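Residue numbers (the numbering used here): 892 to 1147.
Glycine included, each C-beta is placed from N, C-alpha and C at the ideal position.
Keep in mind that this is a model prediction, so the values were computed, not measured.
Reading through the C-alpha cells given below for one structure.
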Ligand SMILES: NC(=O)c1ccc[n+]([C@@H]2O[C@H](COP(=O)([O-])OP(=O)(O)OC[C@H]3O[C@@H](n4cnc5c(N)ncnc54)[C@H](OP(=O)(O)O)[C@@H]3O)[C@@H](O)[C@H]2O)c1
C-alpha cells in the first residue's frame, strides 16, 4: 500500500456528496488538499472544517470547471507549494432532467456536456503536463454505471458518462509510458444532492429515487477512491463499479 500522507490531492466539486466525502477521506489519510467548486462560501467552510479536524493543509478556491480559461489560470497560478499535484479527482458533475429525449430541454444537454465532459477535459489538460514533467501522477475520474449502460430518459447524461469512460481508457493508453495511473470509479445509486439537482430542487422526486432500498453514500464511494489511490506503485486499479446491494444494474432495482 502507498501512503497518502503529504500527497497533494486536487478535487473538483468538493462542496457536496462524493467530492466532499473524498476531501474528508483524503484528509484523514494525511493528504493535503486543493478543493474547488462554484459555491465559494461552502468550499471555504469545508476547508475550515477539514483544517480543524485533521492536521493537513487545504487550499480552497472557486472554480467552475466549464470555464476553460479560468481552469487554466487557476491551475497555472497555484502557489508553488501546491503545484506538484499527485492525485486529481475529476468529480464535478451533474445530471439535469430525466426526460424522454424528444421532450428534453437542450439547455440541460449543454450543462451536462459542458460540466461532465468538457470540464473534466479542461481540468485534466491543465494538470497533466505537470504530472508528465514530474513523471508521476494519478487521475481518478468519477464515472458512473451510466457510462456502461444507457437507461431510458437519460440519453445525454449516459452519453456524458460513456464519454468519461472513453476518455479514461484512451488517456490510460496515452500516459502508460509516463508513470501516470488513470482510473475510474463508477457508482450506481448514491444518495447525495445529485437527484435534487437533476429534478430542479424537487425533494419529493429526489427522495423517490432511493425509496425502498439503502443507497450508497458519498463515503462508500470515497472508500473506493482511497483504495484506488493507495495501491502500491506497480498496481493500477483501472476501474471499480459500485452498486447498492438492491441494484442489479442501471435499470433493475429491487425496492421493498
Ligand atoms: N449520486 C449518484 O447517484 C451518482 C452516481 C454515479 C456517478 N455520480 C457522479 O458523481 C459526481 C458527484 O456527484 P454527487 O452525487 O456527489 O452530486 P452532488 O452532491 O450534487 O455534488 C456535485 C458536486 O459537483 C459540483 N459541481 C457541479 N457543477 C460544477 C461546475 N460547473 N464546476 C465545478 N463544480 C461543479 C457541485 O458543487 P457546486 O454546485 O458548488 O459547484 C458539487 O460539489 C458527478 O460526476 C456525478 O455524475 C453520481
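Here the distance from the Cβ of residue 952 to the nearest heavy atom of ligand 1 is not below 7 Å. Taking 8 Å as the cut-off, the beta carbon of residue 1076 is found closer than this to the beta carbon of residue 1031.
Beta-bridge annotation (DSSP): residue 1046 is not paired with any residue. Excluding five sequence positions before and after residue 1035, the CB atoms of its chain that fall closer than 6 Å to its own CB belong to 1052 and 1077, given in chain order. For residue 1083, the three-state secondary structure derived from DSSP is coil.
Just measuring C-alpha positions, the residue of 912, 1018 and 917 sitting nearest residue 964 is 1018. In this structure residue 1027 is in contact with residue 1070, their Cβ atoms being roughly 6 Å apart against a cut-off of 8 Å.
Under the DSSP assignment, residue 1130 falls in the beta strand (DSSP E) whose first and last residues are 1130-1133. Along the length of the region 915-944, whole alpha helix (DSSP H) runs at least 4 residues long occupy 931-944, reported in chain order. By alpha-carbon distance to residue 907, the top candidate from 1138, 927 and 1011 is 927. Under the three-pair Cβ rule at 8 Å, the region 1099-1116 counts as touching the region 1124-1139. Nearest Cα to residue 1085 within the set 1072, 1101, 1073 and 1074: 1101.
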